[in-house]
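The next block holds one structure in the form of structure tokens; read it before the comments.
In my numbering, the protein residues as written are 504 to 540.
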């Protein structure tokens, strides 16, 4: 569906890259799933 993804957290860019890169990014995981994941 998408070659590149940009993830925002409260209007700030948190990560960008391929969907696989972003999905594995620890900052994205922490922001969207919580630190316990």
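The beta carbon of each residue, even a glycine, is placed where N, CA and C say it ideally should be. Since the structure is predicted, the reported quantities are computational estimates derived from the model, not experimental observations.
With 16 other Cβ atoms within 10 Å as the buried cut-off, status of residue i
i           : result
residue 525 : buried
Endpoints, beta strand (DSSP E) assigned at residue i
i           : result
residue 519 : 515–520
residue 536 : No beta strand (DSSP E) holds residue 536; the alpha helix (DSSP H) holding it covers 529–536.
Whole-angstrom C-beta distance between residue j and residue i, which should lie under 8 Å
i           : j           : result
residue 507 : residue 519 : 7 Å
residue 517 : residue 538 : About 14 Å separates the two Cβ atoms, so there is no contact after all.
DSSP bridge partner residues for residue i (one or two, in chain order)
i           : result
residue 509 : 519
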